[in-house]
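*Asks:* I am attaching a structure below and will ask some questions about it afterwards.
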Amino acid sequence: MNKIKNFINGELAAPVSGNYLDNYDPAIGDVYSQVPDSDEQDIDLAVQAAERAFPSWSVTPAQERSNIMMRIADLIDQNLDRLAQAESVDNGKPLRLAKTVDIPRASSNFRFFATAILHFASESHIMEDSAINYTLRKSIGVAGCISPWNLPLYLFTWKIAPAFAAGNCVVGKPSEITPMTAYLLSELCVEAGLPAGVLNIVHGYGPKVGAAMSAHPGIPVMSFTGGTKTGTEISKTASPLFKKLSLEMGGKNPNIIFADCKYEEMMQATLKSSFSNQGQICLCGSRVFIERSLYERFRDDFVERTKTLNVGDPMSEDSDLGAVVSGAHMEKILSYIELAKQEGGTLLCGGNQVKLSGRCKHGWFVEPTVIEGLPHDCRTNQEEIFGPVVTLMPFDTEDEVVKYANSTQYGLSATIWTEDLTRAHRLANQVQSGIIWINCWMLRDLRTPFGGMKNSGLGREGGFEALRFFTEPKNVCVKL
Ligand code: NAD
-15 MNKIKNFING ELAAPVSGNY LDNYDPAIGD VYSQVPDSDE QDIDLAVQAA ERAFPSWSVT
45 PAQERSNIMM RIADLIDQNL DRLAQAESVD NGKPLRLAKT VDIPRASSNF RFFATAILHF
105 ASESHIMEDS AINYTLRKSI GVAGCISPWN LPLYLFTWKI APAFAAGNCV VGKPSEITPM
165 TAYLLSELCV EAGLPAGVLN IVHGYGPKVG AAMSAHPGIP VMSFTGGTKT GTEISKTASP
225 LFKKLSLEMG GKNPNIIFAD CKYEEMMQAT LKSSFSNQGQ ICLCGSRVFI ERSLYERFRD
285 DFVERTKTLN VGDPMSEDSD LGAVVSGAHM EKILSYIELA KQEGGTLLCG GNQVKLSGRC
345 KHGWFVEPTV IEGLPHDCRT NQEEIFGPVV TLMPFDTEDE VVKYANSTQY GLSATIWTED
405 LTRAHRLANQ VQSGIIWINC WMLRDLRTPF GGMKNSGLGR EGGFEALRFF TEPKNVCVKL
């Protein structure tokens, strides 16, 4: 069986303990490879390698760092099929989605930060004729990057690319549930000529490997994407050590639909924002609010179209939805559907595990599920399910829908559908989300700050914001 390896000091290495965890293919519900069960000893080796590489990498000219990153991006493109296949097997998502979204976006991340670093500038402030202040922005040292399973290579590269573009060395930890693409990336980094120790990847359990990173004094800056509970754990350990933290966490995103919207565009995008990647994108809209005059038409069309979505083998071109990421996650999703029923919700479609035949007969598949009749403040509408489950709710006024939209602990993203421009901007100002899409969904401009409000996030990633995060500003005041 294929054994994944850690990547430390430019070499592929077994975990110090020699222990491995099973890695499952969720579409077949069985083990297909093994992943290192690393611990604090591996983290220590990775930090030492990163610390050794830092003095040289941090003064390597930006153009040279950029060239290496562009080579990594080219190699990702050249290996598109292999990486997409690996991601689909690891994660259960349709191969088509991995090929058209996740892997191309991973190479875009490298290209974006490889070029951004060439244009990164710091500030200066003149105090009339008495002094000049200038701000030096220096790389910090060893950056810890922890990523989740839902968009494995895309979100891993979203962190490590700005970290080492800015001259840091990285200790990265991908999710133990989807480790394969990060492993393949480590091979591509060697091929691209990335110096040993600049990127180190340690695989294993979060509470072991991730927690060792939070506690390690040699990692002064950390970027995390994952659940809000995990973010709290990291913060508890890392904050007393005064680590610089960026936390991208959960969401319960509202879609707000007014009767004057462009109906067909809205309908197609809402289907996507509900069920892409089996609803396992942090930016998926899981609470759909519809202006009452449109409610019945929307509900009937939406349910009819949801019923036509094909849940099937991720390798098949015809599959709209693949498997959810694990058996445990499937049980969690099904338990929330049960809760929705107990809370008085009506299932309009879906609600069950899908039993496929053939190679996927033991896989973890869930029907796309639409529920109505629940109040905005019940648990189903407050807690993150992170699966193909959406609730529909009518509203009468703007004030009412803003109150509903803002009623959760989360504030990651929102979509607003209306042709009334003034109303769209008014709501964008009032809805408490870090990312607002008006008449679109998932359109990403990598230059913009990315992140959530409230319990969805701390800090912002993306664009120069990310390069600023991974550098330490130092002000120099010169008397004239
Ligand atoms: P998770 O929090 O369980 O795991 C994320 C990562 O943290 C994994 O690598 C895991 O091993 C590690 N980890 C777990 N416990 C840890 C600990 N005690 N210390 C340090 N690291 C630890 O999240 P998940 O289930 O992999 O991903 C789903 C969650 O991620 C959802 O809540 C989703 O909304 C969120 N997410 C957020 C964004 C965003 O940009 N805000 C993007 C994608 C996913």
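For the sequence shown, this note's numbering assigns the number -15 to the initial residue and increments by one for each residue that follows. Cβ coordinates follow ideal geometry from the N, Cα and C atoms, glycine included.
1) Please name the residue or residues paired with L323 in a DSSP beta bridge.
2) Going by alpha carbons, who is nearest to G306 out of E171, E445 and D9?
3) What three-state label does DSSP hand Q416 in the structure shown?
4) Can you list the alpha helix (DSSP H) stretches of 4 or more residues lying completely in the stretch 357 to 384, in chain order?
5) Among the candidates D285, Y4, I355 and S123, whose CA atom is the shortest distance from the CA of V205?
6) Just confirm the distance between the C-beta atoms of Y167 and I(-12), as a whole number of angstroms; I'd bet it's less than 8 Å.
7) Mind checking which residues open and close the alpha helix (DSSP H) that includes I101?
8) Confirm, please, whether the CB-CB distance from S170 to L(-4) is below 8 Å.
9) Taking 6 Å as the limit between beta carbons, can you name the residues of its chain near T165, skipping five residues before and five after?
10) Give the straight-line distance between the Cα atoms of K77 and D26, rounded to the nearest whole angstrom.
11) For L399, is the classification buried or exposed, using 16 other Cβ atoms within 10 angstroms of its Cβ as the cut-off for buried?
12) Less than 7 Å separating the Cβ of K157 from some heavy atom of the ligand NAD?
13) Can you name, in chain order, every residue of its own chain whose Cβ lies under 6 Å from the Cβ of K83, other than the five neighbours on each side?
14) Taking only heavy atoms of the ligand NAD into account, decide whether any of them is closer than 7 Å to the Cβ of K233.
15) Quick one: Cα of N134 to Cα of N237, how far?
16) Which value, in whole angstroms, describes the spacing of the CA atoms of Q18 and A176?
17) When you compare only the Cα positions, how much space is there between F94 and L102?
18) According to the neighbour-count rule (16 or more other Cβ atoms, all chains shown, within 10 Å of its Cβ), is R431 buried or exposed?
19) With DSSP run on the structure shown, which of helix, strand or coil describes E(-5)?
20) Output needed for L161: all residues of its chain with C-beta closer than 7 Å, excluding positions within five of it in sequence on either side, in chain order.
21) Once you ignore the five residues that flank T290 on each side, which residues in its own chain have a CB closer than 6 Å to its CB?
22) Answer yes if the stretch -3 to 5 comes into contact with the stretch 31 to 46, meaning at least three C-beta pairs across the two stretches below 8 Å, and no otherwise.
23) Would C245 and E403 be called neighbours here (beta carbons separated by less than 8 Å)?
24) Determine the contact status of V374 and V287, defining contact as a CB-CB distance below 8 Å.
25) What do you get for N261, buried or exposed, if any count of 16 or more other CB atoms within 10 angstroms of its CB means buried?
*Replies:* With the given structure in hand:
1) The residue given as residue 323 occupies position 339 in the sequence shown. Note: L323 sits in no beta bridge, so no partner.
2) Taking the sequence shown and counting its residues from 1, the one referred to as residue 306 is at position 322. Of the candidates E171, E445 and D9, the one whose C-alpha sits nearest the C-alpha of G306 is D9.
3) Your numbering for residue 416 matches position 432 in the sequence shown. It is coil, neither helix nor strand.
4) Correct list: 363 to 366.
5) Numbered from 1 along the sequence shown, position 221 holds the residue referred to as residue 205. Per the Cα distances, S123.
6) As a first step, residue 167 must be located in the sequence shown, where it is residue number 183. As a first step, residue -12 must be located in the sequence shown, where it is residue number 4. Indeed, because the Cβ distance is near 5 Å, the residues count as touching under 8 Å.
7) Your numbering for residue 101 matches position 117 in the sequence shown. Where I101 is concerned, the enclosing alpha helix (DSSP H) stretches over I87 to H103.
8) Within the sequence shown, residue -4 is the residue found at index 12, counting from 1. Within the sequence shown, residue 170 is the residue found at index 186, counting from 1. Annotated as proximal: L(-4) and S170, with beta-carbon spacing under 8 Å.
9) Locating residue 165 in the sequence shown gives position 181, where the first residue counts as 1. For T165, the CB contacts under 6 Å within the same chain, skipping 5 residues up- and downstream, are L67, A70, E71, P136 and L137 in chain order.
10) By one-based count along the sequence shown, residue 77 stands at place 93. By one-based count along the sequence shown, residue 26 stands at place 42. The alpha-carbon atoms of K77 and D26 are separated by roughly 30 Å.
11) Indexing the sequence shown from 1 puts residue 399 at position 415. For clarity, residue 399 is Thr in the given sequence; the question names Leu instead. Its Cβ being crowded by 16 or more others within 10 Å, T399 is buried.
12) Position 173 of the sequence shown holds residue 157. Checking the Cβ of K157 against the ligand NAD gives yes.
13) Position 99 of the sequence shown, counted from the first residue, corresponds to residue 83. Contacts found: A68.
14) As a working mapping, residue 233 is identified with position 249 in the sequence shown. The residue asked about is misnamed: residue 233 is Met in this sequence, not Lys. For the ligand NAD, a non-hydrogen atom lies closer than 7 Å to the CB of M233.
15) For the purposes of this step, residue 134 is taken as residue 150 along the sequence shown, with counting starting at 1. For the purposes of this step, residue 237 is taken as residue 253 along the sequence shown, with counting starting at 1. N134 and N237 have their C-alpha atoms roughly 16 Å apart.
16) Looking up residue 18 in the sequence shown gives position 34. Looking up residue 176 in the sequence shown gives position 192. Rounded to whole angstroms, the separation of the alpha carbons of A176 and Q18 is 26 Å.
17) As a working note, residue 94 is residue 110 in the sequence shown. As a working note, residue 102 is residue 118 in the sequence shown. One alpha carbon belongs to F94, the other to L102, and they sit about 13 Å apart.
18) In the sequence shown, counting from the first residue as 1, residue 431 sits at position 447. R431 should be labelled exposed.
19) Within the sequence shown, residue -5 is the residue found at index 11, counting from 1. Reduced to three states, the DSSP call for E(-5) is strand.
20) Numbered from its first residue, the sequence shown carries residue 161 at position 177. Note on identity: in this sequence residue 161 is Ile, with Leu being the wrong assignment. Correct list, in chain order: W133, V309 and S310.
21) Walking along the sequence shown from the start, residue 290 turns up at place 306. In its chain, beyond the 5 residues on either side, C333, P352 and V354 have a beta carbon closer than 6 Å to the beta carbon of T290.
22) Proximity of the stretch 31 to 46 to the stretch -3 to 5 falls short of the contact definition, fewer than three beta-carbon pairs being nearer than 8 Å.
23) If you number the sequence shown from 1, residue 245 lands on position 261. If you number the sequence shown from 1, residue 403 lands on position 419. Between C245 and E403, the CB-CB gap stays under 8 Å.
24) What you label residue 374 is simply residue 390 of the sequence shown in a count that begins at 1. What you label residue 287 is simply residue 303 of the sequence shown in a count that begins at 1. Between V374 and V287, the gap from beta carbon to beta carbon reaches 8 Å or more.
25) Here residue 261 corresponds to residue number 277 of the sequence shown, with the count starting at 1. Classification of N261: buried, given that the 10 Å Cβ count is 16 or more.
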